[in-house]
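All residue numbers for the sequence shown refer to this note's numbering, where the first residue is 41 and numbers rise by one. Just so it is clear, CB atoms sit at the ideal spot from N, CA and C, and this is done for glycine as well. Structure first, then comments.
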Amino acid sequence: MVPVAGRPFVYHQLAMLKQQGFTEILMCVGYLGDQIQSELGDGSSLGVSIRYAWESEGVLLGTGGALVNALPKLQNHFLVMYGDSYLPIDFKRMAEWIQEKHISSAMSVFRNEGRWDHSNTQVKSGLVSFYSKTALPGECNFIDYGLLFFHKETILKYLGHPMPLDLSTIQKQLVEAHEMAAYEVKERFYEVGKPEGLAELESFLGRQNSPSVLP
């Protein structure tokens, strides 16, 4: 709910998704999630459909566990994006590429070279060949861009897994099994977790005349 360019950041994410034709949205929420639901409701007033997968109070699931928790509401295949990232790319193009290639799992990657955050990914022959959140400086050229694709059956394998479960654990296991395709993007990402990231995103949105889903 952090404000960006005069309105909560989540509105910018929803505007981006709606503009590209993605209107079925499932939010994994926990602490303070009631504030998000109170603000957005079911999304009907914004022209989208929003459902919620709730993390039980006092139960720490982690980002991967949140997907396991959401299994009853997940479609057979779906895209995942992080709640603190703004990704100015063509989501449909990635979805079409996935469909054409008959891919079961994919990670969007960006040749970051350590510029905007810690690079954590390597790519070889169309696959993510290495992924680690603790990669050493200079070890990787690419970064996990923040848009992922999964089949539901991939997440089903983690039913009963000890919690909390980080999404990076799922990603790393898919990489090690040579099952994570790499979709390279050319546009940088924006994050709102730091003041400088907020300032950069506000500047970008001002230049782009970002669409609004506000009524």
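Since I believe residue j is in contact with residue i (beta carbons under 8 Å), could you give me their beta-carbon distance rounded to a whole number of angstroms?
{"i": "residue 92", "j": "residue 67", "result": "5 Å"}
{"i": "residue 231", "j": "residue 124", "result": "5 Å"}
{"i": "residue 245", "j": "residue 187", "result": "With a Cβ gap of about 18 Å, residue 245 and residue 187 do not count as contacting."}
{"i": "residue 137", "j": "residue 229", "result": "Their Cβ separation, rounded to whole angstroms, is 18 Å, which puts residue 137 and residue 229 out of contact at 8 Å."}
For the beta strand (DSSP E) that contains residue i, what are its first and last residues?
{"i": "residue 149", "result": "145 to 151"}
{"i": "residue 119", "result": "117 to 121"}
{"i": "residue 224", "result": "221 to 225"}
{"i": "residue 76", "result": "Unbroken run through residue 76 is the alpha helix (DSSP H), 73 to 80; no beta strand (DSSP E)."}
{"i": "residue 91", "result": "89 to 94"}
{"i": "residue 164", "result": "161 to 164"}
{"i": "residue 69", "result": "64 to 69"}
From residue i to residue j, what distance separates their C-alpha atoms?
{"i": "residue 104", "j": "residue 146", "result": "15 Å"}
{"i": "residue 79", "j": "residue 200", "result": "33 Å"}
{"i": "residue 214", "j": "residue 179", "result": "20 Å"}
{"i": "residue 248", "j": "residue 198", "result": "40 Å"}
{"i": "residue 150", "j": "residue 173", "result": "15 Å"}
{"i": "residue 101", "j": "residue 207", "result": "10 Å"}
{"i": "residue 162", "j": "residue 170", "result": "5 Å"}
{"i": "residue 30", "j": "residue 49", "result": "No answer is possible for residue 30: the residues shown for the chain start at 41 and end at 255."}
Tell me where the alpha helix (DSSP H) around residue i begins and ends.
{"i": "residue 54", "result": "49 to 59"}
{"i": "residue 243", "result": "235 to 248"}
Does chain D have any CB closer than 8 Å to the CB of residue i?
{"i": "residue 160", "result": "Here chain D cannot be found, since the structure has a single protein chain."}
Should residue i be listed as close to the ligand NAP, given that the test is whether its C-beta is under 7 Å from any heavy atom?
{"i": "residue 190", "result": "Absence of the ligand NAP from the depicted structure is noted, as is the absence of any ligand whatsoever, leaving it without description."}
Point to revise | Touching by the beta-carbon criterion (3+ pairs, under 8 Å), the segment 132 to 145 and the segment 181 to 194 | key: yes
Review point. Does the count of Cβ pairs from the segment 215 to 222 and the segment 106 to 113 closer than 8 Å reach three?
Key: no
Review point. Below 8 Å, can you find three or more Cβ-Cβ pairs linking the segment 233 to 250 to the segment 41 to 48?
Key: yes
Review point. Can you list the beta strand (DSSP E) stretches of 3 or more residues lying completely in the segment 166 to 222, in chain order?
Key: 167 to 171 and 182 to 191
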